[in-house]
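J.: Sequential numbering from 202 applies to the sequence shown in the working numbering.
Cβ atoms here follow ideal geometry from the backbone N, Cα and C, with glycine treated the same way.
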Amino acid sequence: MSDLAGIGKTGRNRLSKVLERNPGIISAKDVAKLLDLTSTEANRVLSRWCADGWLYRVKRGVYISVPMDSTSSEILIEEPFVIADSLYHPGYIAGFSAIKHW
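1) DSSP has R258 in a bridge; who is on the other side?
2) Pop quiz: A229 and N244 are said to be a contact at Cβ under 8 angstroms. What is the actual Cβ separation, rounded to whole angstroms?
3) Figure out for me which residue from R222, T239, S217 has the closest Cα to the Cα of R255.
4) In the structure shown, what three-state DSSP assignment does M202 receive?
5) Output the distance between the C-alpha atoms of I294 and E242, rounded to the nearest integer angstrom.
6) What are the partner residues of S228, as DSSP defines its beta bridges?
7) Just the C-alpha distance for L220 and F297, rounded to the nearest angstrom, thanks.
Encoded structure:
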């Protein structure tokens, strides 16, 4: 991962708006709707934020945020089952993973 790059006032405002509405998983569709962008523009914005270290790409079109006060782009996923549920819905967590989590 790259180090965190600077982000301007407009970029920070846009990112804050996205993170307020989508605290977990962020998609291009969500960004396009919130910021009134085309899907191409939304993907470009997400790609830029990811390259600058403000978002982490989970898979194509799916991102999670790096905390705004972070000094590096390394992230610790506190709730991996929330991400798994979003990616593989409908589904469930079973066996040892479920027992260990609870």
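T.: Let me lay it out:
1) Within the sequence shown, numbered from 1, the residue matching residue 258 stands at position 57. Looking at the DSSP assignment, R258 forms a beta bridge with Y264.
2) The residue labelled residue 229 in the question sits at position 28 within the sequence shown. The residue labelled residue 244 in the question sits at position 43 within the sequence shown. Yes, they are in contact, since the Cβ atoms of A229 and N244 sit about 5 angstroms apart, within 8 angstroms.
3) Against the sequence shown, residue 255 aligns to sequence position 54. The sequence shown places Trp at residue 255, not Arg. Of R222, T239, S217, the residue nearest in Cα terms is S217.
4) As a position in the sequence shown, residue 202 is number 1, starting the count at 1. Caution is warranted here: a pLDDT of 45 is assigned to M202, below 50, making its placement in the model unreliable, and the coordinate value is therefore given only provisionally. M202: coil per DSSP, three-state reduction.
5) In the sequence shown, residue 294 corresponds to position 93, counting from 1. In the sequence shown, residue 242 corresponds to position 41, counting from 1. Straight-line Cα distance between these residues: approximately 35 angstroms.
6) Locating residue 228 in the sequence shown gives position 27, where the first residue counts as 1. Bridge pairing for S228: V263 [DSSP].
7) The count along the sequence shown starts at 1 and reaches residue 220 at position 19. The count along the sequence shown starts at 1 and reaches residue 297 at position 96. Going by the C-alpha atoms only, they are around 32 angstroms apart.
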